[in-house]
Structure formats: structure tokens, C-alpha cells
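Have a look at the structure below, then the notes.
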Amino acid sequence: MENFETVKQEMGLQKPPSSNKQKTQPITNPNKNDENDGSVDCFVASNLNITPPSSIMINPISSTDSLTYNSWLLEHPSALGSFDRMMKLAKGKRIVVFLDYDGTLSPIVDDPDRAFMSDEMRTAVREVAKYFPTAIISGRSRDKVKEFVQLSNIYYAGSHGMDIMAPAKPLKSSDNNNSMDKKGTDVLFQPAQRFLPAMQEILALLQERTKIIQGSNVEDNRFCVSVHYRKVREEDYGTLEEIVKSVILNYPDFHLTSGKKVLEIRPSIEWNKGNALNYLLDNLGFTNSSEVLPLYIGDDRTDEDAFKAIRNRGQGFPIIVSSIPKETKALNSLHDPSEVLTFLLRLARWRKASSAK
Numbered sequence: 001m002e003n004f005e006t007v008k009q010e011m012g013l014q015k016p017p018s019s020n021k022q023k024t025q026p027i028t029n030p031n032k033n034d035e036n037d038g039s040v041d042c043f044v045a046s047n048l049n050i051t052p053p054s055s056i057m058i059n060p061i062s063s064t065d066s067l068t069y070n071s072w073l074l075e076h077p078s079a080l081g082s083f084d085r086m087m088k089l090a091k092g093k094r095i096v097v098f099l100d101y102d103g104t105l106s107p108i109v110d111d112p113d114r115a116f117m118s119d120e121m122r123t124a125v126r127e128v129a130k131y132f133p134t135a136i137i138s139g140r141s142r143d144k145v146k147e148f149v150q151l152s153n154i155y156y157a158g159s160h161g162m163d164i165m166a167p168a169k170p171l172k173s174s175d176n177n178n179s180m181d182k183k184g185t186d187v188l189f190q191p192a193q194r195f196l197p198a199m200q201e202i203l204a205l206l207q208e209r210t211k212i213i214q215g216s217n218v219e220d221n222r223f224c225v226s227v228h229y230r231k232v233r234e235e236d237y238g239t240l241e242e243i244v245k246s247v248i249l250n251y252p253d254f255h256l257t258s259g260k261k262v263l264e265i266r267p268s269i270e271w272n273k274g275n276a277l278n279y280l281l282d283n284l285g286f287t288n289s290s291e292v293l294p295l296y297i298g299d300d301r302t303d304e305d306a307f308k309a310i311r312n313r314g315q316g317f318p319i320i321v322s323s324i325p326k327e328t329k330a331l332n333s334l335h336d337p338s339e340v341l342t343f344l345l346r347l348a349r350w351r352k353a354s355s356a357k
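Be aware that the sequence shown starts at 1, since it is given in UniProt numbering, and climbs by one per residue.
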């Protein structure tokens with residue numbers, strides 16, 4: 001694969017020639033819903049013989065929203081509809097799979113402690129990991145996401161890639177940041193170790209000062225702290241934001257970022273999900289390799305760093321999970337976690353069938 005322009009031509013992903021197309025504007029109200037939580041693409045599900053879980057509500061989509069989304073799909077075609085073309089490009093190359101967790105492997109939920117993945121999704125990830133090196137890169141703490149996923153044959157990169165752990169049979173790494181966790185599992189890289197004491201101070205302050213905001217939830221993600229406000233009243237959001245900003249004023253080595261209904265405080269180091277992706281590819285022996293195709297599936301703005309890393313490599317498949325149009329560096333899209341499940345199962349079946357030939 002020469003570059004992304006070649007890929008886009010081969011997959012029919014060139015943008016429409018019109019130069020007057022109006023770009024979709026981002027939502028500016030932080031409390032307005034920016035995703036269709038748990039919605040299911042009924043057409044795709046029915047045609048692929050998949051029954052949505054009964055606990056998932058199917059949200060009606062207006063004709064205007066549908067037209068806007070379909071227009072966005074012209075620039076970011078469905079990874080399911082493009083699957084055969086993608087696998088044609090992958091022939092003779094090595095696919096490495098990277099996955100976000102919340103909103104990708106599990107639905108977005110009000111309580112972050114109950115963002116459970118389904119048994120079907122766990123089986124799909126396990127099958128994919130049989131055939132491809134697989135990593136989950138999440139903003140969650142490494143321990144938390146591992147507790148949710150419950151698989152031992154994949155890499156875990158928690159805290160947006162600042163806490164990377166190898167599977168049961170770890171690869172060798174010459175990095176001086178290597179260490180062993182309590183269970184003797186190889187921890188490949190923790191670039192923010194020196195920030196841990198300050199991170200714990202920030203966590204304690206936020207837990208104490210946000211008590212006055214009903215519905216707020218402070219989550220310890222070890223190398224970052226997440227303040228969830230999905231249950232916070234709209235009129236209280238401004239106060240919550242000011243509390244969070246006041247805390248980090250005394251910690252110049254940290255900065256504030258935001259995601260889906262969450263404010264996050266992180267160490268100010270040049271490290272993100274894109275760096276974690278490249279680090280793992282390096283540990284797998286694919287530094288500057290033209291034989292590897294990284295595939296990343298994610299739904300949040302923090303995943304854009306990984307999409308960018310793939311595009312900078314000039315090869316691979318950046319896939320965004322979204323039920324609404326949004327600005328993204330991804331090439332392809334999936335509507336929701338149910339489509340992620342279908343895609344992963346199809347990927348595993350494709351590799352299994354290829355091996356049998």
C-alpha cells in the first residue's frame with residue numbers, strides 16, 4: 001500500500017468533488033447528548049442475522065438526521081460495507097488490532113462502573129486475538145479495563161496508553177521503564193510514573209470538592225483522573241468545571257482535557273493513544289515496517305490521536321464508531337458497538353478461512 005490517497009482510490013473513498021460542502025459543526029453545549037447511546041442500526045443487524053440485545057433501546061432517527069448521517073458516510077464509509085475491499089488490501093500483510101473500550105466494546109452508560117461488555121463481544125475479541133496481535137487502549141485504568149474484559153491473550157494499555165501491559169507471554173523490551181506488577185505480569189511501559197504521587201493528591205482533592213455537585217463521579221484511572229458529569233444537572237456543570245480547574249491551578253505539570261461527558265486531568269507529557277499504538281507496534285517488531293496494517297476502532301476524541309498515528313504511517317485502517325456525523329481523521333466508520341461486534345466476528349472468520357486455504 002503506497003499511501004492513504006492510493007488506499008482511498010482503491011476503496012472508492014475519494015471525497016465528492018464539491019468544494020462548497022458545509023462541514024458539520026461540533027456541539028458546543030457540554031451537557032447536550034453527543035451520541036445516540038445504545039442505538040442499533042436495524043438494517044445492518046437484520047441483514048447480518050444479528051438480534052440486538054433486549055436491553056438495548058432502538059432510538060428513532062429523524063429523516064433530517066438520517067440524511068446528514070448518510071452524507072457523512074460518503075466520506076467515512078461503513079467498515080462492514082467496505083470489509084471485502086479492506087481485506088483485499090490486507091492480503092500478504094500483518095494486521096494488528098487496536099480497540100478502545102467505552103463506546104466501542106461496551107455501550108456508553110450513565111454509571112461508568114457498569115460499562116460491562118457482553119459475553120458475545122468478549123468472545124469476538126478472544127477470537128480476534130487468536131489470529132492477530134490485539135490491544136485495548138483505554139482511558140480507564142489498566143486494572144479496571146482488564147477487569148471488564150477478562151481476557152489474558154491481549155495487551156492492555158490503560159490511562160490513555162500511559163500504563164502498558166503485555167499478555168501472559170510478554171515480548172522482550174529494552175525499555176528502562178519495564179517493571180513487574182503484583183501478579184508477575186510484564187508491564188512494558190509507564191512513562192508517567194513520576195507523576196503518581198501528585199496524581200493521588202489531585203484525586204483526593206477532587207473527591208472532596210466535587211461532593212457538592214449531585215451526580216458527579218470521580219474515577220481513579222491511576223495515571224489520570226476522570227470526572228464524569230453525565231448525571232449532573234445542566235445548571236451545575238459550570239460550577240463543576242470551575243472546581244476541576246481550580247484544583248489543577250496548583251499543579252502546573254498537569255492539564256485538563258474532555259471527552260464524552262467527562263473531564264480528565266492528565267500529566268503534561270507527550271504521550272497519548274497514538275504514541276501507545278506506535279510503541280506496541282515497535283515491541284511487536286514492526287518499526288517502519290511496510291508489512292503491517294494497524295487497525296484501530298474507537299469512538300471518542302482521544303482516539304483521534306491513534307487515527308492520526310495510523311495516517312502518519314501511511315497504511316492501516318482507522319475506524320470511528322459513531323451514530324452521528326463528526327469531524328474525524330478516521331477513514332471508515334461503524335455505527336455502534338453492535339456493528340463493532342459484527343466486524344470483529346467477520347474479521348476472525350476471514351482469517352480462519354484464509355488459514356484453511
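Every residue, glycine too, gets a C-beta built ideally from N, C-alpha and C.
I'd like the list of long-range same chain contacts for residue i, defined as Cβ closer than 7 Å, with 5 residues on each side in sequence excluded.
| i | result |
| --- | --- |
| Lys-15 | Unreliable placement is indicated for Lys-15, whose pLDDT of 40 sits below 50; the coordinate value is still reported in the next sentence. Within the same chain, Lys-15 has close Cβ partners Glu-75. |
| Glu-242 | none |
| Val-109 | Ala-115 |
| Leu-347 | Val-128 |
| Arg-230 | Asp-110, Lys-261 |
Quick one: residues in its chain with C-beta nearer than 6 Å to the C-beta of residue i, no 5 flanking neighbours on either side, listed in chain order?
| i | result |
| --- | --- |
| Asp-220 | Leu-203 |
| Asp-102 | Ala-115 |
| Asp-236 | Ile-213 |
| Gly-298 | Asp-100, Thr-104 |
| Thr-328 | Ile-320 |
| residue 358 | Given that the chain is displayed from residue 1 to residue 357, the structure contains no residue 358 and the question cannot be resolved. |
Note down, in chain order, each residue of its chain lying with its Cβ closer than 8 Å to the Cβ of residue i, except the 5 sequence neighbours on either side.
| i | result |
| --- | --- |
| Val-145 | Tyr-101, Ile-136, Ser-138, Tyr-156, Gly-158 |
| Ile-154 | Val-125, Ala-129, Thr-134, Ala-135, Ile-136, Pro-167 |
| Thr-287 | Leu-281 |
| Gly-184 | Because the pLDDT at Gly-184 is just 42, under 50, the model does not fix this residue reliably, and the value given afterwards should be weighed accordingly. For Gly-184, where only same-chain residues beyond five positions count, there are no Cβ hits under 8 Å. |
| Met-86 | Met-11, Ala-79, Phe-317, Asn-332 |
Based on the DSSP secondary-structure assignment, which residues constitute the bridge partners of residue i?
| i | result |
| --- | --- |
| Ile-136 | Leu-99, Tyr-156 |
| Phe-254 | Pro-267 |
| Ser-78 | Ser-333 |
| Arg-94 | Val-292 |
| Val-262 | His-228, Gly-259 |
| Ser-106 | Asp-102 |
Check this for me: beta carbons of residue i and residue j, under 8 Å apart or not?
| i | j | result |
| --- | --- | --- |
| Val-96 | Pro-294 | yes |
| Ala-276 | Ile-164 | yes |
| Val-232 | Ser-258 | no |
| Val-247 | Leu-205 | yes |
| Val-292 | Leu-281 | yes |
| Asn-272 | Gly-92 | no |
| Ser-333 | Ala-90 | no |
| Ala-192 | Ile-265 | no |
| Arg-351 | Phe-132 | yes |
| Phe-148 | Met-117 | yes |
| Leu-249 | Thr-210 | no |
| Arg-222 | Ser-141 | yes |
| Lys-260 | Asp-300 | yes |
| Leu-341 | Glu-120 | yes |
| Pro-112 | His-228 | yes |
| Asn-283 | Leu-188 | yes |
| residue 380 | Gly-274 | There is no way to answer for residue 380, as the model of the chain reaches only from 1 to 357. |
Identify the continuous beta strand (DSSP E) that holds residue i and give its terminal residues.
| i | result |
| --- | --- |
| Glu-219 | 217-220 |
| residue 369 | The question about residue 369 has no answer, for the chain in this structure spans 1 to 357. |
| Asp-119 | Here Asp-119 belongs to no beta strand (DSSP E); instead the alpha helix (DSSP H) covers 119-131. |
In terms of residues, what are the limits of the alpha helix (DSSP H) holding residue i?
| i | result |
| --- | --- |
| Val-244 | 234-248 |
| Leu-196 | 196-209 |
| Asp-143 | 142-149 |
| Asp-282 | 273-283 |
| Phe-189 | Counting along the chain, Phe-189 falls outside any alpha helix (DSSP H), though it belongs to the beta strand (DSSP E) covering 186-189. |
| residue 359 | Only positions 1 to 357 of the chain appear in this structure, which leaves residue 359 out of reach. |
| Ala-90 | 83-90 |
At least one CB of chain D closer than 8 Å to the CB of residue i: is that the case?
| i | result |
| --- | --- |
| Glu-291 | Looking for chain D here will not work: only one protein chain is present. |
Quiz item: Where are the alpha helix (DSSP H) runs, 4 residues long or more, that stay fully inside the stretch 294-336, in chain order?
Solution: For the stretch 294-336, whole alpha helix (DSSP H) runs of length 4 or above, ordered along the chain, are 304-313.
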